[in-house]
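Enquirer: Using the numbering used here, read the sequence shown as starting at 876 and increasing by one per residue.
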Amino acid sequence: MAQVAQLELHAKHEEVSAEALRQRSATALAERHRTAAIECWERIGSTLPAELAEVFWRHPRRAALRGGPARPAARMELVMKLLEINRRLSSTLDAEEVLRLAMDAAIELTGAERGFVILTSRDPRDPRDPRDSPDSPGRQGKVRLEVAVARNLDRERVGKSQLKFSHGIAKRVVERGEAVLTVDALADARFHGSASVHALRLRSIVCVPIRAHGAVLGAVYLDNRFQRGKFAEGDADLLGAFADQIAVALHNGRLMAELRERTRALEEEQRRVAELMRSQADEIERLSHELERTRADARRDFPEIAGRSAPMRAVLALCERVAESDVTVTVTGESGTGKELVARAIHAGGPRRGGPFVAVNCAALPEALLESELFGHVKGAFTGAVRDHGGLFQSARGGTLFLDELGETPVGVQAKLLRALQERSIRPVGSDRSVPVADVRVVCATNRDLREEVAQGRFREDLYYRVSVIEIRLPPLRERPDDIPAIAQAIVEKLSARQGRPAFRLSRGALRRLMSYGWPGNVRQLENVLSRACVLAPGPEIGPADIQLPAAAPAPRARSRADYRGAEAERIRAALDLARWNVCEVSRSLGIPRTTLYRKLAQYGLLRKE
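(1) Between which two residues does the alpha helix (DSSP H) carrying C1409 extend?
(2) Please give me, in chain order, every unbroken run of the beta strand (DSSP E) with length at least 3 that falls completely inside the region 1067-1154.
(3) What residue does the alpha helix (DSSP H) around S1382 start on, and which one ends it?
(4) So, under 8 angstroms CB-CB, E917 and V1022 are touching, yes? Tell me the CB distance rounded to an integer number of Å.
(5) With DSSP collapsed to three states, give me the class of N961.
(6) Helix, strand or coil for L1487, going by three-state DSSP, please let me know.
(7) For M1187, count the other beta carbons within 10 Å of its own beta carbon; 16 or more makes it buried, fewer makes it exposed. Which is it?
(8) Can you tell me which of R1483, T1470, G1418 and Q1423 puts its alpha carbon nearest to the alpha carbon of R1448?
(9) Please name the residue in A905, L896 and A912 whose C-alpha comes closest to that of K1543.
(10) Determine the contact status of G1418 and G1396, defining contact as a CB-CB distance below 7 angstroms.
(11) To the nearest angstrom, report how far apart E983 and E883 are at their CA atoms.
(12) Taking only the alpha-carbon atoms, compute the straight-line gap between D977 and H1126 and give it to the nearest angstrom.
(13) Do the CB positions of V1024 and L1092 come within less than 7 angstroms of each other?
(14) Quick one, are the C-beta atoms of M1390 and P1425 less than 7 angstroms apart?
(15) Can you check whether the CB of V1206 is closer than 7 angstroms to the CB of V1217?
(16) Give me, in chain order, the residues of the same chain whose beta-carbon lies closer than 8 angstroms to that of A1427; leave out the 5 immediate sequence neighbours on both sides.
(17) For F991, write down the residues that DSSP places opposite it in a beta bridge.
(18) So does the region 1116-1125 actually touch the region 1087-1107, counting three or more Cβ pairs closer than 8 angstroms?
(19) Flag this pair as yes or no: are the beta carbons of R1341 and D1201 separated by less than 7 angstroms?
(20) Roughly how many whole angstroms lie between the Cα atoms of A1320 and E1150?
(21) Compute the distance between the beta-carbons of P1351 and T1212, then report whether it is under 7 angstroms.
(22) Give me the Cα-Cα distance between Q898 and Q1102, rounded to the nearest whole angstrom.
(23) In whole angstroms, give me the CA-to-CA distance for G1274 and R1161.
(24) Within 10 Å of its beta-carbon, does H1264 have 16 or more other beta-carbons around it, so buried, or fewer, so exposed?
(25) By Cβ distance, which residues of its chain are closer than 7 angstroms to R1139, with the 5 residues on each side in sequence left out?
(26) Spell out the partners DSSP gives F1232 in its beta bridges.
(27) Where do the ends of the alpha helix (DSSP H) carrying A1330 lie?
(28) Tell me, which residues are paired with L1264 by DSSP?
(29) How close, in whole Å, do the beta carbons of A1060 and L1077 come, if the pair is a contact with beta carbons under 8 angstroms?
(30) Let me know the secondary structure DSSP gives L1481 once reduced to three states.
(31) Using DSSP with H/G/I as helix, E/B as strand and the rest coil, what is P1351?
(32) By how many angstroms is the C-alpha of L1338 removed from the C-alpha of I1301?
(33) From G1115 to I919, what does the alpha carbon distance come to, in whole angstroms?
(34) DSSP state of L1424, grouped into three classes?
(35) Per DSSP, E1346 forms a beta bridge with which residues?
(36) Less than 7 angstroms between the C-beta atoms of N1490 and R989, yes or no?
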């Protein structure tokens, strides 16, 4: 009590001195004594409860003393500073920049030593939000304080800022939503229990809440560790204005963060859409290739040929290529593989499809009769020749002549056949005049190795080169077991239609049994077995018990690796010639990936030297 009385006497003495000096125009000295008087009254007011302190400062004498002399020049200077600060604050949308500028301005205008912008955040262990309104129950929850900006009077960042301010005073402002002003925190009875105030030796402190939409977001905190009474009520009001500006900056910052997040999400969505579009473009390209291949398959969709295994796709692709030209083709393969079907497919796929398809088995007729059948004869050429006969070459005019079992052709007929192919003319038996046969395409088939036949002297070499411009090898059924289900189903459907019965079905067990067999007789043997099964099957489904296979039917020895490679090399060479060495076309027509095709070209010595 004695200390308060002594402070009151000292304050009045300083007031009288300040007034006397002001009347004598000693402005600087008067201001010094006025500041000393305010400091004494502040120390007295800090001992009072908050409600009494407010009444204490309403006393006209103390209120006038705190307001200070109303100097127009000083007020104008303050206004100009505030306008400049406001211009700087409004010139940026960067929240961090606004906080830094506001803090520097507050320190400049109040003469504070340090300033902090302190924001609240949720404690992860506390379900309540410390930014709740002052009246909400959440106000009693744990509050975490984080320093957003920390500056000193030199406009430098304060290091280790989290440890440099009074957490107790900042929490008090945040929790109560009320400003705190103290002229000497060490002597202020409100903060005797504050460890941070005594540990940091804090003197003058002013701290105001940052409010937005009824919630407390944090606090603006200024202090001076070396001077007492550095801040007055006017400083608290000024700091409150900066707190409002900071609240706007924080709101703008949140909006900018949301905008950046939405922009990032939009850019991510754009990247995702672009990636999706690229993926769809790749898918469209893949589907286009698939469609092109499907159209190609449709063009060579030979209905009489079942099976689309890789070997058969290569065969059909080559058939499609050769069908468009009149080049002579020889189809090779074991007996029963369907060589005539391939010949018919070539005929049906080319420009001669509207013409006749004439077939003759060269092994089924004796030499004289075969010659007459092929080239014709005139009346009286031999006994029984009662009229002229044009022959098969003339019958096939505008279409295709199919010479089956060419390897069985007698040597005498081979010479005349060579002349027909070479000169495109024939001489009927008994005639001395040649007949042109240019408008005929010749397709041959054989189950023999014609090169071996040439080596053995049983087939003319010059004829071999005429008929084997393109050689298509039909793989045996044992080399393409994946085609057996499709071929078998096509056969049973044909047999059902022929017998006038509902379509037969092949059970899985029956298909497994069919696929496990070697089929030395190829498709012809398969048709024989299925014909028996269709007759003996008790119902529309053919089961494994209905498939009767020979007990000992060893499959013919498969061709050697060298034979297979030779045939493959010939097939690739023929495809290259047809495609004019366009590797992409050959890859597509043979169904071989381009990298694999290049490897095979190198393996068979078919790569061209640039």
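The beta carbon of each residue, even a glycine, is placed where N, CA and C say it ideally should be.
Model, not experiment: these values are computed from the prediction.
Expert: In terms of the structure at hand:
(1) N1397 to L1411
(2) 1079-1087 and 1090-1099
(3) Per DSSP, S1382 belongs to no alpha helix (DSSP H) and is neither H nor E.
(4) 27 angstroms between Cβ atoms; not a contact.
(5) helix
(6) Examination of residue 1487 is not possible in this model, given that the chain is present from 876 through 1485 alone.
(7) buried
(8) R1483
(9) Past the edges of the chain, shown from 876 to 1485, lies residue 1543, and the structure says nothing about it.
(10) no
(11) 31 angstroms
(12) In the sequence as presented, Asp is not what sits at residue 977; that position holds Ala. Between A977 and H1126, the C-alpha separation is close to 15 angstroms.
(13) no
(14) no
(15) yes
(16) Residue placement at A1427 is flagged as unreliable, the pLDDT there being 45, under the threshold of 50; the coordinate-derived value follows with that caveat. Counting only Cβ-Cβ distances below 8 angstroms, and skipping sequence neighbours, we find nothing.
(17) A1025 and Y1096
(18) yes
(19) no
(20) 54 angstroms
(21) yes
(22) 28 angstroms
(23) 38 angstroms
(24) buried
(25) none
(26) T1275
(27) L1325 to A1330
(28) It should be noted that the sequence gives His, not Leu, for residue 1264. For H1264, which the question treats as bridged, DSSP gives the partners H1252.
(29) 5 angstroms
(30) coil
(31) coil
(32) 15 angstroms
(33) 24 angstroms
(34) coil
(35) T1205
(36) The requested residue 1490 does not occur in the structure, where the chain is confined to residues 876 to 1485.
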